[in-house]
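Colleague: Residue numbers (our numbering): 506 to 572.
Idealized CB from N, CA, C, for every residue including glycine.
Quick caveat: nothing in here was measured; it's all calculated off a predicted structure.
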Amino acid sequence: CNLSQQGIRGIAPLAAVSFRNVRVLDLSCNRLTTVLDQLQAELPCLEQLDLSFNIIDVVSRSRGKLE
506 CNLSQQGIRG
516 IAPLAAVSFR
526 NVRVLDLSCN
536 RLTTVLDQLQ
546 AELPCLEQLD
556 LSFNIIDVVS
566 RSRGKLE
């Protein structure tokens, strides 16, 4: 699933990826600041995730800690 250069801002959009069998997810070149730690649980088949060229400062939010 290629969501590269879509101008996505803020939190990584789990709602944008409605297919649970996604194996490769490209979110590069956006303005993401947060990636929820539940991403792997929501996408159990995920093997490769590209978050390069974002401004991520929080990786784990639901547990209230930084990783």
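(1) For Leu-532, does the three-state DSSP call read helix, strand or coil?
(2) Can you list, in chain order, the residues of its chain with a C-beta nearer than 8 Å to that of Gln-510? Leave out the 5 residues immediately preceding and following it.
(3) Let me check one thing: in DSSP terms, what residues is Asp-573 bridge-paired to?
(4) Once DSSP output is grouped into helix, strand and coil, what is the label at Leu-544?
(5) When you compare the CB positions of Leu-447 and Leu-537, do they come within less than 8 Å of one another, or not?
Modeller: By the coordinates alone:
(1) The answer is coil: DSSP assigns Leu-532 none of H, G, I, E or B.
(2) Same-chain partners within the cutoff: Ser-533, Cys-534 and Asn-535.
(3) Residue 573 is absent from the structure shown; the chain starts at 506 and stops at 572.
(4) Helix.
(5) A question about residue 447 goes unanswered here, because the residues of the chain that appear run from 506 up to 572.
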